[in-house]
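>
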Amino acid sequence: AQSVTQPDIHITVSEGASLELRCNYSYGATPYLFWYVQSPGQGLQLLLKYFSGDTLVQGIKGFEAEFKRSQSSFNLRKPSVHWSDAAEYFCAVGDPGGGADGLTFGKGTHLIIQP
Amino acid sequence: NAGVTQTPKFRVLKTGQSMTLLCAQDMNHEYMYWYRQDPGMGLRLIHYSVGEGTTAKGEVPDGYNVSRLKKQNFLLGLESAAPSQTSVYFCASGFLGRGRDTQYFGPGTRLTVL
C-alpha cells in the first residue's frame, strides 16, 4: 500500500526566512503528488500538484515544490514566509493505477511563524 | 457558486445515536469523497463515489454508510455512534478520480460522540 511520510510534525520559522517542508512517498510507480494547506478551523486548499513533466512546480501564494524521483520526495519550498503562512500543511498522493480512489495524506506539518 | 458545503458544522451525539452528514457540491463533479481527520493522523478516506448511484469503501469504512442518490449530494451516515468516531469530517469532490485533478474540500463537520 502506498504511504506518505512528513518527517516534521512542527516547524518554526522566522518571518521573512526561507521554508522547506519535507515529503516522502512509498509507491511502486510515480503517483500524482499534491500539497494542501489547512488554516485553523478551515478546510483544505490546494497549493500545487505534480502529475508529470517539469519536476519543479509552481503553486499559489509563492510556494513551489520539486519532485525527485530518485529520493521519492516532493518537498515544498517558499523563499520568504509571511505570518499568514502559519497553518497545517499536508502532502498527499493519488494512485494512478488500481486500488481505491481518493488521496492518501501524510500526517501533516504544523508551521509556526515567529515575528 | 458555493463550491462544497457541509451540514451541520458541529454536532454532539451520545453513544448509540445515529446521524447523517450532508455534503453538497455545485460544480457538477462526478467524484465525491468523505474523509475523517484525527489529531496526528492526517486525513483518511472513509468512503467515496465515482458517480451518481455508486459508492465504494475507502481506508476506514467500518461504522459508516454512504449514499449518492443525486449527483450533487453525498451523505455519510452513522447508524450507532461510538466515541471512536469523534473526529472532524471533510467532504471533497473532483471532476476526475485517482487524484488526477484538484479535489475541492468542504469546511468540515466537527463531531463529538460522548
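In order, the protein sequence lines correspond to chains A and U. To convert, count from 1 in the first sequence and add 3; that's my numbering. To convert, count from 1 in the second sequence and add 5; that's my numbering. For glycine and all other residues, C-beta sits at the position ideal for the given N, C-alpha and C.
1. Against Val55(U), what residues of chain A qualify as contacts under a CB-to-CB distance less than 9 Å, listed in chain order?
2. Name, please, each residue of chain A whose Cβ falls closer than 9 Å to the Cβ of Gln108(U).
3. For Phe47(A), write down the residues that DSSP places opposite it in a beta bridge.
4. For a quick check, are the C-beta atoms of Ser55(A) and Tyr30(A) less than 9 Å apart?
5. By the DSSP assignment, the beta strand (DSSP E) with Gly97(A) in it spans what residues?
6. Tell whether a beta-carbon distance below 9 Å holds between Lys14(U) and Val118(U).
7. Straight-line CA distance for Gly104(U) to Asp88(A)?
8. Could you tell me whether the Cβ atoms of Cys96(U) and Gln30(U) are closer together than 9 Å?
9. Which residues in the same chain as Val60(A) place their Cβ atom closer than 6 Å to its Cβ, once the five residues preceding and following it in sequence are excluded?
10. Check whether the Cβ atoms of Tyr35(A) and Gly97(A) lie closer than 9 Å to each other.
11. According to DSSP, is Glu5(A) helix, strand or coil?
12. With a cut-off of 9 Å, does the C-beta of Pro34(A) fall near any C-beta of chain U?
13. Closer than 8 Å, Cβ to Cβ, to anything on chain A: give me those residues from the stretch 22 to 38 of chain U, in chain order.
14. In angstroms with no decimal places, state the Cα-to-Cα distance between Ala95(A) and His113(A).
15. Looking at the secondary structure, which residues open and close the beta strand (DSSP E) in which Met24(U) lies?
16. Can you check whether the C-beta of Ala170(U) is within less than 9 Å of a C-beta belonging to chain A?
17. So what does Cys96(U) bridge to, in DSSP terms?
18. Pop quiz: Gly111(A) and Gly113(U) are said to be a contact at Cβ under 8 Å. What is the actual Cβ separation, rounded to whole angstroms?
19. Does the stretch 80 to 93 of chain U come close enough to the stretch 74 to 82 of chain A that 3 or more CB-CB pairs lie under 8 Å?
20. Kindly indicate which residue of Thr33(A), Ala90(A), Ala20(A) has the alpha-carbon position closest to the one of Ser73(A).
By the coordinates alone:
1. Asp104
2. Phe37, Tyr39, Leu47, Leu49, Ala95, Gly97, Gly105, Leu106
3. The sequence given here places Leu at residue 47(A); Phe does not occur at that position. Answer is Gln41(A), bridged to Leu47(A).
4. no
5. 90 to 97
6. no
7. 25 Å
8. yes
9. Leu51, Tyr53, Ala68
10. yes
11. Looking at the sequence provided, one finds Gln at residue 5(A) rather than Glu. Three-state DSSP puts Gln5(A) in coil, outside helix and strand.
12. yes
13. Tyr36, Tyr38
14. 15 Å
15. 24 to 30
16. This structure does not reach residue 170(U), given that chain U is present from 6 up to 119, and the question cannot be answered.
17. Trp39(U)
18. In fact, because the Cβ distance is near 14 Å, the residues do not count as touching under 8 Å.
19. no
20. Thr33(A)
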